[in-house]
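Chains as they are written, first to last, in our numbering: chain H, 1 to 866; chain W, 1001 to 1121. One structure is given here, and the rest of the page talks about it.
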């Protein structure tokens, strides 16, 4: 291998990148400020900067492959025994490298955006490039001054590296973080377009159209990243769930919520030239939340299973976020006169108002998640008391909001733009509402017999009226959710049928009509398909209400029964490879008659470099109706006795199916039309030998990447990781115990985030026995909870209490939502009045331009045929 | 693969470095020369026209959309007539602007041709 001072060279390349990006930004600003001849220089500078980041990534990748342990980052995240693919994944396995990876992805987007911008939006272009360069400068400064991936050891170089954390040594590291980063970084391009529009004052629909494709790509990757995150959590972390409301999960979910609100709200601007300030705010907030999410992950301020080590890069983020807030606010205030709406809402029963309600719910959910995620930090700052906000809080509050959002996904397509008449709306809603009612009645009549009862046992998170109300909402959630799912499916189905009927009236066959319907209205029908995907995912989420769980210790040959299944523990066996020892426990799944249905083999992997961190490899047998999820907690090599935790999770597979449908809909929605591509070529002044279309290439690349990542994620069946080292058995005798244990967190020190109704360690077992004795002695659950809080502190409770400052946790988001809906309705009514006046004053069309009308008809005919 | 990868990374790094430095050099040359290339000039002058074409495209799509919604029974006759008239008025305006712009282009092109012919003679 060539001898080269790699650490020095890497740092040099990063420094060159900073110089190049600064120069490009300066030239781009010059081009934007009246020197358009500088634009080609700025474009070339952008390409040069992107190339330099590629060099930096290649240098670090090379250092990993040749085990250059002079570099601290290489030594900390790799060792000589690791195969080449994990050495590549190590690039983004730690803080410093993942920042470089972030810059690399940003450069990928910047490169394609610059290609795409050629011949387009020349007024906006310089400012788009300048903004993208400014974002890149922030990340390069961060690397050069706070987290240099090429930093070396001051003294001796280690002979071998520490190795990548075993939790990260799986295929998920190759697909989950990159797809999530693609989603995060992707919002930089629409944000840059927005900033360019604000600076130039071109705030019509031009920037919205320019940002459309890029926001769709970013949203698709963010959705994919979240979905793969769920899969990773479900199959890798080995705790049995797919979403734990961990701060880092929340950090990815918040920009998704606001980005989704933007994608809906922007349709109102495109259609009616309204809500311009709101759309600017939503897009800016989405980008801001991607930076805020990164700050949460990187600063280590909030404890999380994902977070990197606590470091001082947090202060850089704080300054950058302050700069963003001040800069964006100043730009919006400056441009307020140009952001005035051209139209007003004319009726509260209109598509526009339905979208406003959709935005209200999505933003309400975001406020809930934001406050709950940062509440431990706020509590620490305000009153010096650490608290924990566990999944129970989120699940109880987010489920009703989610169902309202789902309902709006079905309602929106049924309501006409501008103004829906009562009779038309009633006709449009009759079938979907009928479908919802039928499903609800069927579930009430037969659900319990089929294993899906309409109402489940209520569990309270608070001993107050709020707790009772929430518990009952959660209890009836299954029947409401399934009925709403049916409503949305029927609504979407009806939309397809109506569209087909219109085309069939023009003489098309059923097959042709559905194909052309989707082909001609990709965005609309792609969106409807996304809604179908969301429905499937809700079916899966609802299934969680029927989870059954059991833990038991078995000797070879012994069986345990759970639900309709019986599992027989056959034998333990050990395999080895150069990197680890693998201890499997072979088990056989039996049906009630004793016939073998299949084999599962949960395992423990013990890595050479991290023997103290054995990982748990779960085994999952997945069916559309339910998953059988098997975790081997321990196995004793001398007695061969194993402890197993089995969870029956109904309908989980629907979540992954819904994810695939959602991605399919998103791809259809952003697929460019042939006409768009051809027109872009025609618009160019220079003749071209090859008809390369950047738009087509970008979409094709995005689709290819999304498909590969989705396939890699879904194709994998089981496997890998967690450090669950517990051996007890969770026994819960009655609903009171379940409710109370769910509120108390284990304090053994090894599993502080697990509540007593889940944790199977010895400490938790002893504590459960103690609590059981207190209950038997007649002590009230609330008293037991209070004494637990006094003994271990407020952080030992899974959910903060419903009194004092703790009540702000739900009261602030609820108050915000109530105020917001009041404001939305008031605004809607005001707009409605003004819209009606404008409507009365509007004059009809002029007849002086009939010639143009003919030309328009010709153009419309061509559009229909294209 | 493990042996081949380091060389692949070196190769990509060298190619990217050469490409990056060449782009930077070209960019600096252009910046310092202070002149717009023909392609850049063309990009700037076609931008206004492109914006109008994009606007026309969007309006045509919208006219088509509301016709579809009307056919599907989701827009009343009165609302459809009114929206259609409004959108068509906007589209006519855009077509008018495009025509006016084309006049300017034609004059510019004729002047350039005359200039070239004059030089040739």
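Ideal placement from N, C-alpha and C gives every residue a C-beta, glycine not left out.
Residue i versus residue j - alpha carbon distance
i                       : j                       : result
residue 30 of chain H   : residue 77 of chain H   : 43 Å
residue 513 of chain H  : residue 503 of chain H  : 6 Å
residue 668 of chain H  : residue 129 of chain H  : 28 Å
residue 375 of chain H  : residue 253 of chain H  : 17 Å
residue 1067 of chain W : residue 120 of chain H  : 30 Å
residue 444 of chain H  : residue 429 of chain H  : 22 Å
residue 593 of chain H  : residue 615 of chain H  : 34 Å
residue 1074 of chain W : residue 1060 of chain W : 19 Å
residue 390 of chain H  : residue 245 of chain H  : 8 Å
residue 506 of chain H  : residue 496 of chain H  : 16 Å
residue 1049 of chain W : residue 1098 of chain W : 7 Å
residue 205 of chain H  : residue 266 of chain H  : 10 Å
residue 133 of chain H  : residue 226 of chain H  : 27 Å
residue 276 of chain H  : residue 339 of chain H  : 6 Å
residue 747 of chain H  : residue 610 of chain H  : 24 Å
C-beta neighbour in chain H for residue i, strict 7 Å
i                       : result
residue 1004 of chain W : no
residue 1087 of chain W : no
residue 1071 of chain W : yes
residue 1012 of chain W : yes
residue 1074 of chain W : yes
Listed by chain order, chain H residues near residue i by CB distance under 9 Å
i                       : result
residue 1058 of chain W : 205, 209 and 270
Partners in chain W for residue i, counting only beta-carbon separations shorter than 7 Å
i                      : result
residue 419 of chain H : 1079
residue 502 of chain H : 1068, 1071 and 1072
Interface flag, residue i vs chain W, CB-CB below 7 Å
i                      : result
residue 58 of chain H  : yes
residue 687 of chain H : Residue placement at residue 687 of chain H is poorly supported in this model, since its pLDDT is 45, which falls under 50; the coordinates still yield a value, given next. No, residue 687 of chain H does not count as interfacial toward chain W.
residue 859 of chain H : yes
residue 40 of chain H  : yes
residue 130 of chain H : no
residue 52 of chain H  : yes
residue 65 of chain H  : yes
residue 683 of chain H : Caution applies to residue 683 of chain H, whose pLDDT of 49 falls short of 50 and renders its modelled position unreliable; the value that the coordinates give is listed next. Yes, residue 683 of chain H lies at the interface with chain W (some Cβ there is under 7 Å from its Cβ).
residue 84 of chain H  : yes
residue 44 of chain H  : yes
residue 852 of chain H : yes
residue 61 of chain H  : yes
residue 47 of chain H  : yes
residue 498 of chain H : yes
residue 510 of chain H : no
residue 518 of chain H : no
residue 31 of chain H  : no
residue 218 of chain H : no
residue 341 of chain H : no
residue 416 of chain H : yes
Closer than 9 Å at the beta carbon, the chain W residues around residue i
i                      : result
residue 739 of chain H : Here the premise fails: no neighbours, minimum Cβ distance about 48 Å.
Beta-ladder partner(s) of residue i, from DSSP
i                      : result
residue 599 of chain H : H:588
residue 615 of chain H : H:605
residue 484 of chain H : Residue 484 of chain H pairs with nothing; no bridge assigned.
residue 622 of chain H : H:627
Neighbouring residues, chain H, relative to residue i (Cβ below 8 Å)
i                       : result
residue 1113 of chain W : Here the premise fails: no neighbours, minimum Cβ distance about 16 Å.
residue 1052 of chain W : Per Cβ cutoff of 8 Å: no residues; residue 1052 of chain W is ~10 Å from chain H at best.
residue 1118 of chain W : Within chain H, no residue comes near residue 1118 of chain W; the closest Cβ sits about 23 Å away, beyond 8 Å.
Per-residue contacts from residue i into chain H (C-beta, under 7 Å)
i                       : result
residue 1098 of chain W : In chain order: nothing, as chain H lies at least about 10 Å away.
Residues that residue i contacts on chain W, provided the C-beta gap is smaller than 8 Å
i                      : result
residue 856 of chain H : 1060, 1063, 1088, 1091, 1092 and 1095
residue 424 of chain H : 1073, 1074 and 1076
residue 20 of chain H  : 1020 and 1024
residue 266 of chain H : Those do not exist, as residue 266 of chain H stays about 13 Å from chain W at its closest Cβ, beyond 8 Å.
residue 367 of chain H : Result: empty, since nearest Cβ-Cβ is about 33 Å, beyond 8 Å.
residue 27 of chain H  : 1027 and 1031
Is it the case that the region 1072 to 1082 of chain W contacts the region 1050 to 1059 of chain W, given that we only count it when at least three CB pairs across the two stretches are under 8 Å? no
Pair every Cβ in the region 809 to 819 of chain H with every Cβ in the region 407 to 419 of chain H, then say whether three or more of these pairs are closer than 8 Å. no
Would you call the region 54 to 70 of chain H and the region 12 to 20 of chain H in contact, with 3 or more CB pairs under 8 Å? yes
Is the number of C-beta pairs between the region 87 to 103 of chain H and the region 137 to 144 of chain H that are closer than 8 Å three or more? yes
With a cut-off of 8 Å, do at least 3 Cβ pairs link the region 60 to 72 of chain H to the region 1016 to 1034 of chain W? no
Answer yes if the region 390 to 400 of chain H comes into contact with the region 474 to 482 of chain H, meaning at least three C-beta pairs across the two stretches below 8 Å, and no otherwise. yes
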